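Here's the structure we're looking at; comments come further down.
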Amino acid sequence: ITGTGTLDEGVSSGTYNVDVSVPVIGKVVSHSDSICGDSSFDIKVLGVNVGKVSIHGLSCPAAAGTLNLEIDALLNDKLPAGIGQATIAMTATDQSNGKLVCMNVEAKIENGDIVV
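Residue numbering for the sequence shown follows this note's numbering, beginning at 12 and increasing consecutively.
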């Protein structure tokens, strides 16, 4: 999943937050980290590790211009019954707390593949 936009000014640092929610249970993960560089975190549902999300952030300092943020989501075969879809919500701010990104992705599993 790639979010694309335009930076009006350079970015030297910042923070992102990703929330993952599933039907019936609600929010199962809330993760924050630096918007600069790559990071990842596990998705756990009812204490079971069911996947991993990787964020490919900015190469800071990032000059004004095109912004590309990539999210990779991998799910394993340990999904509890009834958990076949998720909402991934991402926000990010820069060093001055200015808004950089607001992205909402609806994902579901169909025939063993993630569909967004």
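C-beta: ideal position from N, C-alpha, C; glycine also. Source: prediction; values computed, not measured.
On the DSSP letters alone, give me the boundaries of the beta strand (DSSP E) that residue i sits inside.
i, result
"L56", "Note that residue 56 is Val in the sequence shown, not Leu. Unbroken beta strand (DSSP E) run through V56: D49 to V56."
"L78", "G76 to L86"
"N60", "V59 to H67"
"N28", "G25 to V33"
"D44", "G37 to S45"
"G16", "T13 to L18"
Taking the straight line between their C-alpha atoms, what separation do you get for residue i and residue j?
i, j, result
"C71", "I46", "9 Å"
"A73", "D105", "11 Å"
"L18", "I66", "18 Å"
"I54", "L111", "24 Å"
"L86", "V31", "13 Å"
"D83", "S24", "21 Å"
Grouping DSSP H, G and I as helix and E and B as strand, with all else coil, what is residue i?
i, result
"Q96", "strand"
"C113", "strand"
Please state if the CB of residue j and the CB of residue i are separated by a distance shorter than 8 Å.
i, j, result
"N115", "T98", "yes"
"T13", "E81", "yes"
"G22", "M101", "The residue you asked about is not Gly; residue 22 is Val in the sequence shown. For V22 and M101, no; Cβs fall outside 8 Å."
"V39", "V59", "no"
Give the C-beta separation of residue i and residue j to the nearest angstrom, bearing in mind that I take them to be a contact with Cβ-Cβ under 8 Å.
i, j, result
"G37", "G68", "Between G68 and G37 the Cβ distance is about 26 Å, and since that is not below 8 Å, they are no contact."
"F52", "V64", "6 Å"
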